Amino acid sequence: MLAVKAPKREAEKIRKKLIELGVLAKGYAVRREGEFVLFPITEEVEDFELVEADFKKLERRPRSYREVVEVPDGVRPLLPSSFDIIGDIAIIELPEELMGYGNAIGEAILEVHRHIKAVFAKGSKVEGEYRVRELIHLAGEMRTGTLHRENGIRLKLDVAKVYFSPRLATERMRVFEKARPGEVVFDMFAGVGPYSILLAKKARFVFAVDLNPWAIKYLEENIRLNRADNVVPILGDVRKVAGKVEADRVIMNLPKFADRFLREAMLSVGDGGVIHYYGFGPEEDLYSEHEAKIKAIARELGFTVEILERRKVRPYAPRQFNIAIDFRVLK
Ligand SMILES: C[S@@+](CC[C@H](N)C(=O)[O-])C[C@H]1O[C@@H](n2cnc3c(N)ncnc32)[C@H](O)[C@@H]1O
Numbered sequence: 351m352l353a354v355k356a357p358k359r360e361a362e363k364i365r366k367k368l369i370e371l372g373v374l375a376k377g378y379a380v381r382r383e384g385e386f387v388l389f390p391i392t393e394e395v396e397d398f399e400l401v402e403a404d405f406k407k408l409e410r411r412p413r414s415y416r417e418v419v420e421v422p423d424g425v426r427p428l429l430p431s432s433f434d435i436i437g438d439i440a441i442i443e444l445p446e447e448l449m450g451y452g453n454a455i456g457e458a459i460l461e462v463h464r465h466i467k468a469v470f471a472k473g474s475k476v477e478g479e480y481r482v483r484e485l486i487h488l489a490g491e492m493r494t495g496t497l498h499r500e501n502g503i504r505l506k507l508d509v510a511k512v513y514f515s516p517r518l519a520t521e522r523m524r525v526f527e528k529a530r531p532g533e534v535v536f537d538m539f540a541g542v543g544p545y546s547i548l549l550a551k552k553a554r555f556v557f558a559v560d561l562n563p564w565a566i567k568y569l570e571e572n573i574r575l576n577r578a579d580n581v582v583p584i585l586g587d588v589r590k591v592a593g594k595v596e597a598d599r600v601i602m603n604l605p606k607f608a609d610r611f612l613r614e615a616m617l618s619v620g621d622g623g624v625i626h627y628y629g630f631g632p633e634e635d636l637y638s639e640h641e642a643k644i645k646a647i648a649r650e651l652g653f654t655v656e657i658l659e660r661r662k663v664r665p666y667a668p669r670q671f672n673i674a675i676d677f678r679v680l681k
């Protein structure tokens, strides 16, 4: 095919020019010949030395596991278009009809996403006080411990022993951006520390509580890993700690049950303190029920609240959303 013969030292400049002219042929490996580089082109161009040459066609790497997985045509439309990646572990939600093809799906994910080393299917909903789920091994290494990076921090965790959702990274960054330097933060349901360790970059102290001993073990490791020495990890029920701290900012990331801890949260902020409340709400009325509870508890305690922001965090179930309400407590 037609090619431009470029001296090696000008190759990059010429490559950019050919792209600019829209004539660089895509999908071929460039050729190096001594002091020259040959670029395949789609049509003649002026001002360059042109030659005829053969080029090796580049194999296009598949972008999705769905391009390579072998499953019967009947179930192919059911293949999920996305899955969670936590560190080097993939966790996919498979409908019942695909569970029999779990290994093929897992192997296809490993083939296409080279950085993934183990694939699991969700085996249950997030359950219990620790908010963890069963996992079913599909392919790759039989391991659930990993190192996840988000928002510039590193988090060690075990996906089978603690709650962690990579889908909350943007929400955590939103809260971080609201925080002001020198604050005292109370992370009521801290898990392995994705909020606590991020907020520690601005805060004076972060009190980080969790009931799950595995979460606190990893939180302690993550404090060391990120040198977040101003995070105070506390193992136990948050009800025992609440009211003993006077925070500027409280994070209530336990959407399933946060409403049961509103009293504790409000007793743990100083006058003007901000609470980041999470819940689940139906699409047709996301916030009313939660706001009614927030106002009722504030009234009981003799406080008033000012709603600062409401937002959908992510879809949770059909027609259900994980929502966030930020509010200020005036005492
Ligand atoms: C939804 S997870 C959130 C974890 C973390 N904030 C994150 O974003 O990954 C809720 C956490 O609250 C903890 N938890 C549940 N009830 C608790 C309680 N009464 N006191 C302290 N922690 C609790 C669970 O063990 C779990 O780690």
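Just so we're on the same page, this note's numbering is the position in the sequence shown counted from 1, plus 350. Just so it is clear, CB atoms sit at the ideal spot from N, CA and C, and this is done for glycine as well. As the structure is a prediction and not an experimental result, all values here were calculated from the model.
*Report the three-state DSSP secondary structure of Val425 (helix, strand or coil).*
coil
*Any idea what DSSP makes of Pro605, helix, strand or coil?*
coil
*Go to Phe526, then tell me how far its alpha helix (DSSP H) extends in each direction, as first and last residue.*
519-528
_Taking the alpha carbon of Glu315 as the reference point, which residue from Val380, Leu400, Pro668, Ala458 has its own alpha carbon closest?_
Only positions 351 to 681 of the chain appear in the structure, and residue 315 is not among them; the question remains open.
*Over what stretch of residues does the beta strand (DSSP E) that includes Ile673 continue unbroken?*
670-680
*Quick one: Cα of Tyr568 to Cα of Thr520, how far?*
22 Å
*If you count every other CB in all the chains shown that lies within 10 Å of the CB of Leu388, and 16 or more means buried, which is it?*
buried
_Arg464 to Ala510 span [Cα, whole Å]_ = 22 Å
*What number of angstroms, rounded off, separates the C-alpha of Val421 from the C-alpha of Ile486?*
19 Å
*So what does DSSP say about Ala375, is it helix, strand or coil?*
coil
*asked:* Judging by CA-CA distance, which residue of Pro427, Leu448, Ala353 is the nearest neighbour of Arg381?
replied: Ala353
_Assuming Arg608 and Phe536 are in contact, meaning their beta carbons sit under 8 Å apart, how far apart are those beta carbons, in whole angstroms?_
In the sequence on display, residue 608 carries Ala and not Arg. Contact doesn't hold; Cβ gap of about 13 Å is too wide.
*My guess is that Lys506 and Leu497 are in contact by the Cβ rule of under 8 Å, so how many angstroms apart are they, rounded?*
5 Å
*Could you tell me how far apart the beta carbons of Ile647 and Arg660 are, in whole angstroms, since I believe they sit closer than 8 Å?*
That pair is no contact at about 17 Å.
*ligand 1 heavy atom lying under 7 Å from the CB of Tyr513*: yes
*Give, in chain order, every unbroken run of the beta strand (DSSP E) that is at least 3 residues long and sits entirely within the segment 370-416.*
381-383, 386-390, 399-402
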